[in-house]
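Student:
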Amino acid sequence: MSARIGVVTFPGSQDDQDALRAVALVGAEPVALWHREADLRQVDAVILPGGFSYGDYLRAGAIARFSPVMEAVIAGAREGLPVLGICNGFQVLCESHLLPGALIRNGGMLFINRDERLRVESTATAWTADYSVGQEILIPIKNGEGRFTADEHTLDELEAEGRVIARYLDNPNGSARDIAGIANAAGNVVGLMPHPEHAVEELTGPYPGPATDGLPFFTSILKQLVAA
Amino acid sequence: MARVVVDVMLKPEILDPQGQAVQRALPRLGFDGIVDVRQGKRFEIELDGPADDAALARAREIAEKLLANTVIEQFEVRFDGAVDSAAAATSTERTAG
């Protein structure tokens, strides 16, 4: 049986369908999860998609963090359930304290929507094993609050433990140390501001390309789950 | 009934681009000598029961759990002066975080 990968829909999620589609494209079984249900439907991994959960009221991710589904996701993540938070999902993971730091207003105050060049820094996670360290990839970003921040001690710790998974080559928003994505210590939880689910098909991926640099996030997790 | 005010501000070391944008706009409006502007949030919470230490403690718990993200923000809780100014004078607290 194929691996079941759940995608949570919060009120205000926008990229849940794209994430489900990316899951299906690599041959895993996409499973829609609903914010109000604590039942994770026996999924093997969870994706928290981009968007504006609960309208970003209070702070991005702050209300979503207390939804019933997140109680289950948080408990699962602490026991090793692979979780990928994309954009708003990354914000939810920080608000949940599954990942350190926070995402704050972009330096230039602008909502930025463009294809962004990244360098993969760690392949020692459930979601990045199919890349190679130092690989440069093209992934779209689209956010107004994507500036990663944490205190110096936390940043040093993330770097020392190899938990920075990707950096911007042209830092778009003032993120500390060019950080685009990080992992927890165990490597099962990853947060990423850029959107790999928007870079999985020639037709809709970055133009003129490369268009499908986001695919390895999804093949990485599938391979790990199938091997397990 | 107790009315508690919670002020949430970005920590001093966290850059506040919104405050900076406001600051940059002020000279254009003729307001000179503005050294710094920081933008925050104010919550007004009404709780059952008296305006006592327990009410402040509840408000502090609410602020800690939901209203502020203590990774980047700090908060102050106090009684609304209009309701109980004596309590506010003695009970204003700043979080260490």
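One line per chain: the protein sequences are A and B, in this order.
Residue 11 is where the first sequence starts when you use this note's numbering, and the numbers rise one by one after that.
Residue 3 is where the second sequence starts when you use this note's numbering, and the numbers rise one by one after that.
Even glycine gets a Cβ: it sits at the ideal position worked out from N, Cα and C.
Model, not experiment: these values are computed from the prediction.
So Gln-20(B) contacts chain A; which residues on that side make the cut at Cβ distance below 8 Å?
Tutor: The residue labelled residue 20(B) in the question sits at position 18 within the second sequence. In chain order: Arg-115, Met-119.
Student: Grouping DSSP H, G and I as helix and E and B as strand, with all else coil, what is Pro-150(A)?
Tutor: Sequence index remark: in the first sequence, residue 150(A) carries index 140 (1-based). The answer is strand: DSSP assigns Pro-150(A) an E or B state.
Student: Got a sec, what are the start and stop residues for the beta strand (DSSP E) Arg-124(A) sits in?
Tutor: Here residue 124(A) refers to the residue found at position 114 of the first sequence. Element bounds for Arg-124(A): 122–130.
Student: Please compile the residues from chain B whose C-beta is within a distance smaller than 7 Å of the C-beta of Arg-69(A).
Tutor: Translated into the one-based positions of the first sequence, residue 69(A) becomes position 59. In chain order: Asn-71.
Student: Below 9 Å between beta carbons is the criterion; list the residues of the segment 16–50 of chain B that meet it against any residue of chain E, in chain order.
Tutor: No chain E is present in this structure, whose protein chains are A and B.
Student: Of all the residues that make up the segment 48–81 of chain A, which are near chain B by a beta-carbon distance shorter than 8 Å?
Tutor: Residues passing the 8 Å Cβ filter: Leu-68, Arg-69, Ala-72, Phe-76.
Student: Using only alpha-carbon positions, find the residue among Gly-144(A), Tyr-141(A), Trp-137(A) that is nearest to Gly-197(A).
Tutor: The sequence position of residue 197(A) within the first sequence is 187, counting from 1. Cα-wise, what sits closest to Gly-197(A) is Trp-137(A).
Student: Using C-beta distances below 6 Å, list every residue in its chain close to Pro-19(B), excluding the 5 sequence neighbours before and after it, in chain order.
Tutor: Translated into positions along the second sequence, residue 19(B) becomes position 17. Answer for Pro-19(B): no residue qualifies.
Student: Along chain B, which residues have their Cβ under 7 Å away from the Cβ of Gly-111(A)?
Tutor: What you label residue 111(A) is simply residue 101 of the first sequence in a count that begins at 1. Within chain B, the residues near Gly-111(A) are Val-73.
Student: Measure how close the beta-carbons of Ile-114(A) and Glu-155(A) come, nearest whole angstrom, since I'm counting them as under 8 Å.
Tutor: Stepping through the first sequence from its first residue, residue 114(A) is reached at position 104. Stepping through the first sequence from its first residue, residue 155(A) is reached at position 145. Contact flag correct, Cβ pair sits at about 6 Å.
Student: Just the Cα atoms here: how many angstroms apart are Lys-152(A) and Asn-183(A)?
Tutor: As a first step, residue 152(A) must be located in the first sequence, where it is residue number 142. As a first step, residue 183(A) must be located in the first sequence, where it is residue number 173. Roughly 11 Å between the two C-alpha positions.
Student: Does any C-beta atom of chain A lie closer than 8 Å to the C-beta of Ala-98(B)?
Tutor: Along the second sequence, one-based indexing puts residue 98(B) at 96. Note on Ala-98(B): pLDDT 46, under 50, position unreliable in the model; no value is reported.
Student: Is the Cβ of Ala-159(A) closer than 8 Å to any Cβ of chain B?
Tutor: On the first sequence, position 149 is the one that residue 159(A) refers to. Checking the sequence, you will find Thr at residue 159(A) rather than Ala. Thr-159(A) counts as touching chain B.
Student: Out of Tyr-67(A), Gly-111(A), Trp-44(A), Ala-112(A), state which residue places its alpha-carbon closest to the alpha-carbon of Glu-81(A).
Tutor: Mapped onto the first sequence, residue 81(A) falls at position 71. Out of Tyr-67(A), Gly-111(A), Trp-44(A), Ala-112(A), Trp-44(A) has the C-alpha closest to the C-alpha of Glu-81(A).
Student: Please state whether the Cβ-Cβ distance between Val-10(B) and Gly-111(A) is less than 8 Å.
Tutor: The sequence position of residue 10(B) within the second sequence is 8, counting from 1. The sequence position of residue 111(A) within the first sequence is 101, counting from 1. In this structure, Gly-111(A) does not lie closer than 8 Å to Val-10(B) by Cβ.
Student: Just to confirm, are Pro-59(A) and Asp-26(A) a CB contact at a threshold of 8 Å?
Tutor: Position 49 of the first sequence holds residue 59(A). Position 16 of the first sequence holds residue 26(A). Going by C-beta atoms, Pro-59(A) is nearer than 8 Å to Asp-26(A).
Student: Identify which residue in Asp-55(B), Ala-70(B), Ile-36(B) has its Cα closest to the Cα of Gly-105(A).
Tutor: As a working note, residue 105(A) is residue 95 in the first sequence. Per the sequence presented here, residue 105(A) reads as Glu, with Gly not at that position. The shortest Cα separation from Glu-105(A) among Asp-55(B), Ala-70(B), Ile-36(B) belongs to Ala-70(B).
Student: Would you call the CB atoms of Asp-82(B) and Val-6(B) closer than 8 Å?
Tutor: Numbered from its first residue, the second sequence carries residue 82(B) at position 80. Numbered from its first residue, the second sequence carries residue 6(B) at position 4. For Asp-82(B) and Val-6(B), yes; Cβs fall inside 8 Å.
Student: Using the DSSP secondary-structure output, state which residues sit across from Leu-67(A) in a beta bridge.
Tutor: Within the first sequence, residue 67(A) is the residue found at index 57, counting from 1. Before going further, note that residue 67(A) is Tyr rather than Leu in the sequence given. Partner(s): none; Tyr-67(A) has no beta bridge.
Student: Going by Cα to Cα distance, which pick from Ile-15(A), Gly-22(A), Ala-48(A), Val-56(A) is closest to Val-36(A)?
Tutor: Within the first sequence, residue 36(A) is the residue found at index 26, counting from 1. That would be Ile-15(A), whose Cα lies nearest to the Cα of Val-36(A).
Student: When the Cα of Phe-20(A) is compared with those of Arg-31(A), Ala-70(A), Val-53(A), which residue comes out closest?
Tutor: Your numbering for residue 20(A) matches position 10 in the first sequence. Here the closest residue by C-alpha is Ala-70(A).
Student: What does the Cβ neighbour count give for Phe-227(A), buried or exposed, with the cut at 16 atoms within 10 Å?
Tutor: The sequence position of residue 227(A) within the first sequence is 217, counting from 1. Counting Cβ neighbours within 10 Å, Phe-227(A) comes out buried, since at least 16 surround it.
Student: Please report the distance separating the alpha-carbon of Pro-14(B) from that of Thr-159(A).
Tutor: Position 12 of the second sequence, counted from the start, is the residue given in the question as residue 14(B). Position 149 of the first sequence, counted from the start, is the residue given in the question as residue 159(A). Taking the straight line from one Cα to the other gives about 13 Å.
Student: Using 10 angstroms around the beta-carbon of Val-236(A), count the other beta-carbons present and answer buried if the total reaches 16, otherwise exposed.
Tutor: Translated into the one-based positions of the first sequence, residue 236(A) becomes position 226. Exposed, since its Cβ has fewer than 16 Cβ neighbours within 10 Å.
Student: Going straight from the alpha carbon of Val-37(B) to that of Ala-27(B), what length do you get?
Tutor: Numbered from its first residue, the second sequence carries residue 37(B) at position 35. Numbered from its first residue, the second sequence carries residue 27(B) at position 25. Approximately 12 Å between the Cα atoms of the pair.
Student: Could you have a look at Gln-101(A) and say whether DSSP puts it in helix, strand or coil?
Tutor: Translated into the one-based positions of the first sequence, residue 101(A) becomes position 91. Note: Gln-101(A) maps to helix in three-state DSSP.
Student: Per DSSP, what kind of secondary structure is Glu-207(A) in: helix, strand or coil?
Tutor: Indexing the first sequence from 1 puts residue 207(A) at position 197. If DSSP states are grouped into helix, strand and coil, Glu-207(A) belongs with the helices.
Student: Quick check: Gly-9(A) and Gly-65(A), are their CB atoms within less than 8 Å of each other?
Tutor: Limits of chain A in this structure are 11 at one end and 238 at the other, which puts residue 9(A) out of reach.
Student: Does DSSP put Asp-9(B) in a helix, in a strand, or in coil?
Tutor: Indexing the second sequence from 1 puts residue 9(B) at position 7. If DSSP states are grouped into helix, strand and coil, Asp-9(B) belongs with the strands.
Student: Should Thr-135(A) go down as buried or exposed, given a rule of 16 or more other Cβ atoms within 10 Å for buried?
Tutor: As a working note, residue 135(A) is residue 125 in the first sequence. Buried, by the Cβ-count rule.
Student: Between which residues of its own chain and Val-174(A) is the CB-CB distance below 7 Å, once the five residues before and five after are set aside?
Tutor: Here residue 174(A) is taken as the residue at index 164 of the first sequence, counted from 1. Hits under 7 Å: Glu-131, Ser-132, Leu-168, Ile-189, Ile-192.
Student: Tell me the residue span of the alpha helix (DSSP H) that contains Thr-229(A).
Tutor: Counted from its first residue, the first sequence places residue 229(A) at position 219. 225–237 is the extent of the alpha helix (DSSP H) around Thr-229(A).
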